[in-house]
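Asks:
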Amino acid sequence: MPQVTGGSRRMLTVGELAERSGVAVSALHFYERKGLIASERSAGNQRRFHRDALRRVAFIRVSQRVGIPLADIRGALDSLPEGRTPTKRDWARLSARWRDELDGRIAALEHLRNDLTGCIGCGCLSLRDCTLQNPQDLLGDTGDGTGPRRWDDAADSAGRAGSVGFTG
Numbered sequence: 003m004p005q006v007t008g009g010s011r012r013m014l015t016v017g018e019l020a021e022r023s024g025v026a027v028s029a030l031h032f033y034e035r036k037g038l039i040a041s042e043r044s045a046g047n048q049r050r051f052h053r054d055a056l057r058r059v060a061f062i063r064v065s066q067r068v069g070i071p072l073a074d075i076r077g078a079l080d081s082l083p084e085g086r087t088p089t090k091r092d093w094a095r096l097s098a099r100w101r102d103e104l105d106g107r108i109a110a111l112e113h114l115r116n117d118l119t120g121c122i123g124c125g126c127l128s129l130r131d132c133t134l135q136n137p138q139d140l141l142g143d144t145g146d147g148t149g150p151r152r153w154d155d156a157a158d159s160a161g162r163a164g165s166v167g168f169t170g
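Residue numbers (my numbering): 3 to 170.
Okay, structure coming up:
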C-alpha cells in the first residue's frame, strides 16, 4: 500500500513506530527479520509500517514479558487469519493455550527456589545428593557404573572436560 499523507491511513516510519511503542529500532528490525511484523518500502526505500503494527508490537512485548519464546509468538501471529492484528478475543484464546506452560514453569521455579534455600553455602558438591545438580537423582542411571558424572560447558576443543567434573 502506498503511503497516504493524510488521515488515519498514514503509515509510520520505523522511528515513529519505535517512539510510539517504546521499542528500540534495532528490536523492530529484529522482529521484522523474524517475521513478527512487516513493513513496506517507500519510493525512497525506507520502511513504512501500517498503524496496526503498534498492536502487534504490544502483543509481542507482553508475550515476551510473560516468558513466551519468540518462535511461539510467531506461531500465534501466523495462526491469525490473513496475518491480521490480534484482537482481545485472540489474546484470550492464545493466552489460554500458554497458561499450562506458564503454570509448569512457575511450579518448576518454586521447586528450584525451595531447593536452593536448603543448598546455599553447603559446599557439598555431591551429585548423588544435591537436589540442584541432580534433581531426583536423574544422573543415577547414566555413566559407566561408577555413578553419575556431570561436566561443565567449558570443555575444550580436544574434548577434555572443563574445570568441573564431580562424581557422586
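Cβ coordinates follow ideal geometry from the N, Cα and C atoms, glycine included. Keep in mind the model is a prediction, meaning the values are calculated, not measured.
Just how far apart, CA to CA, sit G106 and H113?
Replies: Distance between the alpha carbons of G106 and H113: 11 Å.
Asks: If you follow the beta strand (DSSP E) that R49 is part of, which residue opens it and which one closes it?
Replies: 49–51 is the extent of the beta strand (DSSP E) around R49.
Asks: Under DSSP, the alpha helix (DSSP H) around E34 begins and ends at which residues?
Replies: Per DSSP, E34 belongs to the alpha helix (DSSP H) from 27–35.
Asks: Beta-carbon within less than 7 Å of M3's beta-carbon, same chain only, minus the 5 sequence neighbours each way: which residues are those?
Replies: Bear in mind that a pLDDT of 35 at M3, under 50, signals an unreliable position, so the model cannot answer this.
Asks: Is R43 helix, strand or coil when you go by DSSP?
Replies: It is a strand residue.
Asks: Taking D54 as part of the alpha helix (DSSP H), name the residues at either end of that continuous run.
Replies: It is not in any alpha helix (DSSP H) - D54 carries neither H nor E in the DSSP assignment.
Asks: Measure from the alpha carbon of T89 to the alpha carbon of each residue in D102, L14, V68, I62, then state which is nearest.
Replies: Checking every option, the nearest Cα to that of T89 belongs to I62.
Asks: Please confirm whether R57 and L79 have their CB atoms less than 8 Å apart.
Replies: For R57 and L79, no; Cβs fall outside 8 Å.
Asks: Would the region 44–51 count as touching the region 73–87 if we require 3 or more Cβ pairs under 8 Å?
Replies: Because the criterion of three Cβ pairs below 8 Å is not met, the region 44–51 and the region 73–87 do not touch.
Asks: Near I70, what residues of its chain come up, given a Cβ to Cβ distance below 7 Å and the 5 sequence neighbours on each side ignored?
Replies: Excluding sequence neighbours, I70 sits near W100.
Asks: Using only alpha-carbon positions, find the residue among A55, S97, H52, R53 that is nearest to D74.
Replies: The residue with the shortest Cα to Cα distance from D74 is S97.
Asks: Return the chain-ordered list of same chain residues with a C-beta closer than 8 Å to the C-beta of L38, the five sequence neighbours on each side being excluded.
Replies: Result list for L38: R58, I62, L72, I75, R76, L79, in chain order.
Asks: Exposed or buried, what is S81 when buried is set at 16 or more other beta-carbons lying within 10 Å of its beta-carbon?
Replies: Exposed, since its Cβ has fewer than 16 Cβ neighbours within 10 Å.
Asks: Helix, strand or coil for L82 per DSSP?
Replies: Correct three-state label for L82: coil.
Asks: Indicate the three-state DSSP secondary structure (helix, strand or coil) for L14 in the structure shown.
Replies: Reduced to three states, the DSSP call for L14 is strand.
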